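The sequence shown lines up with residues 33 to 191 when you count with the numbering used here. Virtual Cβ for every residue (Gly too), placed ideally from N, Cα, C. These numbers were taken from a predicted model, which means no experiment stands behind them. Contents: one structure, followed by commentary.
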Amino acid sequence: MYTKEVMEHFKNPKNMGDMENPDATSRVGNPACGDMMETYIKVGEKDGEKYIEDIKFKTFGCAAAIATSSVTTELAMGKTLEEAENIEEEDIARELGGLPKIKMHCSNLSANGLHEAIYRYKKEEGMDISEELKKKHTIAQKTLEKTEEVRKKHGLDED
Ligand code: FES
Numbered sequence: 033m034y035t036k037e038v039m040e041h042f043k044n045p046k047n048m049g050d051m052e053n054p055d056a057t058s059r060v061g062n063p064a065c066g067d068m069m070e071t072y073i074k075v076g077e078k079d080g081e082k083y084i085e086d087i088k089f090k091t092f093g094c095a096a097a098i099a100t101s102s103v104t105t106e107l108a109m110g111k112t113l114e115e116a117e118n119i120e121e122e123d124i125a126r127e128l129g130g131l132p133k134i135k136m137h138c139s140n141l142s143a144n145g146l147h148e149a150i151y152r153y154k155k156e157e158g159m160d161i162s163e164e165l166k167k168k169h170t171i172a173q174k175t176l177e178k179t180e181e182v183r184k185k186h187g188l189d190e191d
């Protein structure tokens with residue numbers, strides 16, 4: 033079953049909704065369930081380091097996807113881009129007091145959304161991109177394509 037932390041974030045998600053003039057956006061999907069996630073970031077700069085000044089998400093996912101996205105935004109807020117790049121699904125699940133095994137893939141979706149938004153920002157700005165982040169981007173692109181195929185096959189609307 034879900035922990036009380038999951039239920040709390042599900043009922044009162046933080047940083048959910050649109051963002052005006054984001055510096056970067058991402059769209060990722062999960063082919064296992066056909067769910068999608070959009071992530072928006074604003075990037076600030078302090079002491080010569082870029083950091084996540086603001087982050088919001090929208091998801092067409094399940095309760096666990098909403099809770100993991102909410103907690104992901106809390107974990108990423110104020111972090112440097114490099115720190116945020118290293119937030120993984122295990123960190124997200126830990127913050128929520130654990131997730132049922134069958135729902136671990138949902139935390140993947142929010143971590144992927146965050147990583148992909150940072151990738152897009154760095155690419156746009158001509159910043160160095162680590163091999164690890166490039167790898168995450170390639171996987172995110174492939175899984176998005178597969179998710180779109182799944183959604184099409186099952187006639188799922190995105191909006
Ligand atoms: Fe799809 Fe959770 S079942 S994101």
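CA-CA distance, residue i and residue j?
{"i": "P54", "j": "H147", "result": "15 Å"}
{"i": "R126", "j": "T104", "result": "11 Å"}
{"i": "L141", "j": "G80", "result": "30 Å"}
{"i": "A149", "j": "A116", "result": "10 Å"}
{"i": "A96", "j": "E157", "result": "33 Å"}
{"i": "H137", "j": "N47", "result": "21 Å"}
{"i": "I87", "j": "M109", "result": "7 Å"}
{"i": "K174", "j": "K133", "result": "23 Å"}
{"i": "E163", "j": "T170", "result": "11 Å"}
{"i": "Y151", "j": "E40", "result": "30 Å"}
For residue i, which option in the options has the closest C-alpha, if you only look at C-alpha atoms?
{"i": "S102", "options": "D79, N44, H186", "result": "N44"}
{"i": "K74", "options": "V60, F89, G61", "result": "F89"}
{"i": "E114", "options": "L165, T91, E122", "result": "L165"}
For residue i versus residue j, is the C-beta spacing smaller than 8 Å?
{"i": "I119", "j": "L131", "result": "no"}
{"i": "F42", "j": "I98", "result": "yes"}
{"i": "Y34", "j": "T57", "result": "no"}
Please work out which residues of its chain come closer than 7 Å, Cβ to Cβ, to residue i, disregarding the five sequence neighbours upstream and downstream, and give them in chain order.
{"i": "E37", "result": "L128, G129"}
{"i": "T112", "result": "E81, K82, Y83"}
{"i": "E85", "result": "K74, V75, G76"}
Please return the same chain residues whose Cβ sits closer than 6 Å to the Cβ of residue i, not counting the five positions on each side in sequence.
{"i": "A172", "result": "V60, N144, E148"}
{"i": "K168", "result": "H147"}
Near residue i, what residues of its chain come up, given a Cβ to Cβ distance below 8 Å and the 5 sequence neighbours on each side ignored?
{"i": "G93", "result": "N62, C65, D67, M68, M69, S101, C138, L141"}
> Counting Cβ pairs closer than 8 Å, one from the stretch 52–72 and one from the stretch 169–186, do we hit at least three?
Replying inline: yes
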